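Here's the structure, in structure tokens; my notes come after.
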Amino acid sequence: MALDGNVENAAKALELGLATGFGAIGPGVGVGFIFGKTIEAVGRQPELRGQLQGLMWLGFALTEAIVFYALGMAFVAFSIA
Amino acid sequence: MILPLLDAASQFDPVAEFTEFVSNPYVDLPLGLDINKAVIYIWMAGILAVLLPLIVIRRGLKPRPGAVQTTAEAVYDLVENQVARSGLPEEGMRTWFPYVATLFFFIWMMNLIGFIPLPFGDHEVDLWGLQVPQFQIYAATANLSVTLALTLMTFFIQHIEGIRYNGVIGYLKSWMPSGLPAFSVKSAPLIILIGIIEVISQLVRIVSLSFRLFFNLLAGHLVIAVFLAIAALLGGGQLVFWPVQILIGLPMGVAIFALEATLIAGLQAFIFATLSAIYIGGAIHPDH
Numbered sequence: 001m002a003l004d005g006n007v008e009n010a011a012k013a014l015e016l017g018l019a020t021g022f023g024a025i026g027p028g029v030g031v032g033f034i035f036g037k038t039i040e041a042v043g044r045q046p047e048l049r050g051q052l053q054g055l056m057w058l059g060f061a062l063t064e065a066i067v068f069y070a071l072g073m074a075f076v077a078f079s080i081a
Numbered sequence: 001m002i003l004p005l006l007d008a009a010s011q012f013d014p015v016a017e018f019t020e021f022v023s024n025p026y027v028d029l030p031l032g033l034d035i036n037k038a039v040i041y042i043w044m045a046g047i048l049a050v051l052l053p054l055i056v057i058r059r060g061l062k063p064r065p066g067a068v069q070t071t072a073e074a075v076y077d078l079v080e081n082q083v084a085r086s087g088l089p090e091e092g093m094r095t096w097f098p099y100v101a102t103l104f105f106f107i108w109m110m111n112l113i114g115f116i117p118l119p120f121g122d123h124e125v126d127l128w129g130l131q132v133p134q135f136q137i138y139a140a141t142a143n144l145s146v147t148l149a150l151t152l153m154t155f156f157i158q159h160i161e162g163i164r165y166n167g168v169i170g171y172l173k174s175w176m177p178s179g180l181p182a183f184s185v186k187s188a189p190l191i192i193l194i195g196i197i198e199v200i201s202q203l204v205r206i207v208s209l210s211f212r213l214f215f216n217l218l219a220g221h222l223v224i225a226v227f228l229a230i231a232a233l234l235g236g237g238q239l240v241f242w243p244v245q246i247l248i249g250l251p252m253g254v255a256i257f258a259l260e261a262t263l264i265a266g267l268q269a270f271i272f273a274t275l276s277a278i279y280i281g282g283a284i285h286p287d288h
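Order-wise, the sequence lines are chains A and F. Heads up: the first sequence begins at 1 in the numbering used here, then just goes up one per residue. Heads up: the second sequence begins at 1 in the numbering used here, then just goes up one per residue.
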């Protein structure tokens with residue numbers, strides 16, 4: 001079966017979506033884990049809330065950044081392919 | 001009916017908005033020192049980052065603070081206690097607290113200005129017969145050059161301070177994890193391998209620190225642009241699928257905009273400054 005239409009553009013669009021989507025799975029789990037664990041920790045020791053929140057945001061940003069590595073590579077592949 | 005604004009949005013290419021400005025600068029200077037949109041945004045952020053604290057100080061600090069002073073004090077407290085003290089040791093505070101605080105304010109201002117629509121568009125829009133520049137949102141930090149320059153500053157400060165406080169040999173030794181066996185013929189391959197890994201991890205810090213800020217802002221702006229433009233992009237400037245276009249694109253765009261402007265803009269500045277403090281502090285006091 002012959003493929004007609006603009007196969008190259010379709011493949012590029014698929015590539016961008018798939019790369020970003022798969023790249024977001026891990027960090028999504030990680031971010032949820034960080035917030036969940038912080039809630040747990042604050043539940044145990046409410047007096048440490050301030051310090052824990054600082055660590056939480058640090059961990060959140062470090063984890064979230066991994067999505068952007070996937071997104072960045074997806075853009076690179078999108079623009080050079 | 002083709003609405004003029006939607007028509008303009010239908011020719012909108014999100015990626016081009018972040019690359020096109022480089023090739024048409026306002027003032028063309030040699031050596032790549034062009035004054036383009038990003039430079040104007042950096043200048044605005046710099047002026048704001050200097051002026052806002054200055055205005056607060058000039059108004060006079062009162063023992064019973066008003067709303068403005070309370071906000072300023074809260075931000076200062078955040079920068080001193082959460083950002084600087086989480087990384088910098090006591091002897092480094094005097095020298096590097098101003099640097100870290102400046103990083104925070106400067107990046108925060110660059111991010112925040114990026115969410116105010118300003119008439120700096122690369123194209124002009126025909127708005128019912130009137131040629132006006134496009135209002136657009138654009139952040140200077142959505143440029144790799146800007147974030148890379150800030151990252152390299154932290155990188156060099158970190159290593160220069162590490163060498164100044166510990167000496168070259170002592171500083172290089174401090175990269176190695178504790179508990180390694182003493183250097184001998186038998187342990188040499190292991191120690192060399194770990195040394196190479198540590199050098200790579202130091203270099204990767206440049207990439208991770210600059211890419212985090214860059215892609216957070218770039219992706220944030222792209223997502224806002226895509227959602228707000230969905231209204232026009234789907235129908236080629238016409239309201240064909242109007243329930244999808246108006247009822248999904250618009251609220252999602254506004255929601256992402258609110259999230260980015262309130263949380264991400266400040267958070268990324270916070271993270272960049274905190275990590276800079278941790279890196280510099282770690283070099284000054286390796287076992288800290």
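We treat Cβ as the ideally placed atom computed from N, Cα and C, and that holds for glycine. Please read all numbers here as calculations on a predicted model, not as lab measurements.
Please return the same chain residues whose Cβ sits closer than 6 angstroms to the Cβ of residue i, not counting the five positions on each side in sequence.
| i | result |
| --- | --- |
| F:L118 | none |
In three-state terms, what does DSSP make of residue i?
| i | result |
| --- | --- |
| F:Q82 | helix |
| F:P181 | coil |
| A:L55 | helix |
| F:I196 | helix |
| F:M1 | With a pLDDT of 37 at F:M1, under the threshold of 50, the predicted position of this residue should be treated as unreliable, though the coordinate-derived value follows. Reduced to three states, the DSSP call for F:M1 is coil. |
| F:P53 | helix |
| F:I280 | helix |
| F:L118 | strand |
| F:P189 | helix |
| F:I137 | coil |
How far does the alpha helix (DSSP H) with residue i in it reach, from first residue to last?
| i | result |
| --- | --- |
| F:T95 | 90 to 113 |
| A:G17 | 7 to 44 |
| F:P251 | 250 to 259 |
| F:R289 | With chain F represented from 1 up to 288, any question about residue 289 of chain F goes unanswered, as that position is not in the structure. |
| F:K173 | 144 to 175 |
| F:V68 | 67 to 77 |
Give me the Cα-Cα distance between residue i and residue j, rounded to the nearest whole angstrom.
| i | j | result |
| --- | --- | --- |
| F:M1 | F:F156 | The predicted model places F:M1 with a pLDDT of 37, which falls under 50 and marks its position as unreliable, so this point remains unresolved. |
| A:A65 | F:V75 | 24 angstroms |
| A:G72 | A:G43 | 37 angstroms |
| F:L3 | F:F21 | Note that F:L3 scores a pLDDT of 47, beneath 50, so its modelled location is shaky and nothing firm can be said. |
| F:V100 | F:L144 | 20 angstroms |
| F:F214 | F:E73 | 28 angstroms |
| F:R59 | F:T70 | 13 angstroms |
| A:A70 | F:P251 | 26 angstroms |
| F:A45 | F:N216 | 18 angstroms |
| F:V293 | F:I160 | Missing from the structure shown is residue 293 of chain F; chain F here goes from 1 to 288 and no further. |
| F:A188 | F:M176 | 13 angstroms |
| A:L62 | A:D4 | 43 angstroms |
| F:I194 | F:G179 | 12 angstroms |
| F:L190 | F:L275 | 29 angstroms |
| A:I25 | A:V67 | 8 angstroms |
| F:T102 | F:A67 | 23 angstroms |
| F:R94 | A:Q53 | 26 angstroms |
| F:S86 | A:L48 | 15 angstroms |
| A:N6 | F:H221 | 28 angstroms |
| F:A258 | F:E80 | 27 angstroms |
| F:G114 | F:F227 | 17 angstroms |
Spatial neighbours of residue i within its chain, please: C-beta separation below 7 angstroms, excluding the five flanking residues on both sides.
| i | result |
| --- | --- |
| F:H288 | In this predicted model, F:H288 has a pLDDT of only 47, less than 50, meaning its place in the structure is not dependable enough to derive any value. |
| F:N166 | S174, P286 |
| F:P181 | S187 |
| F:S201 | none |
| A:V31 | F60, T63, E64 |
| F:S184 | none |
Give me the residue from the options with the minimum Cα distance to residue i.
| i | options | result |
| --- | --- | --- |
| F:D34 | F:L180, F:P25, F:I40 | F:P25 |
| F:V83 | F:L150, F:H285, F:L267 | F:L267 |
| A:V76 | A:G5, A:E15, A:A10 | A:E15 |
| F:K37 | F:A139, F:S210, F:F104 | F:A139 |
| F:M148 | F:L247, F:P133, F:S210, F:M109 | Here residue 148 of chain F is Leu; the residue named in the question, Met, does not match the sequence. Considering only alpha carbons, the answer is F:S210. |
| F:I137 | F:A261, F:I271, F:I278, F:A269 | F:A261 |
| A:W87 | A:P46, A:F33, A:E47 | The requested residue 87 of chain A is not part of the displayed model; chain A covers only 1 to 81. |
Tell me which same chain residues have a C-beta within less than 8 angstroms of the C-beta of residue i, skipping the five on either side of it?
| i | result |
| --- | --- |
| F:G92 | E161, I280, G281, I284, H285 |
| A:A19 | A70, L71, M73, A74, A77 |
Is residue i close to chain D? Criterion is C-beta to C-beta, closer than 8 angstroms.
| i | result |
| --- | --- |
| F:S174 | Note that chain D does not occur in the displayed structure, where the protein chains are A and F. |
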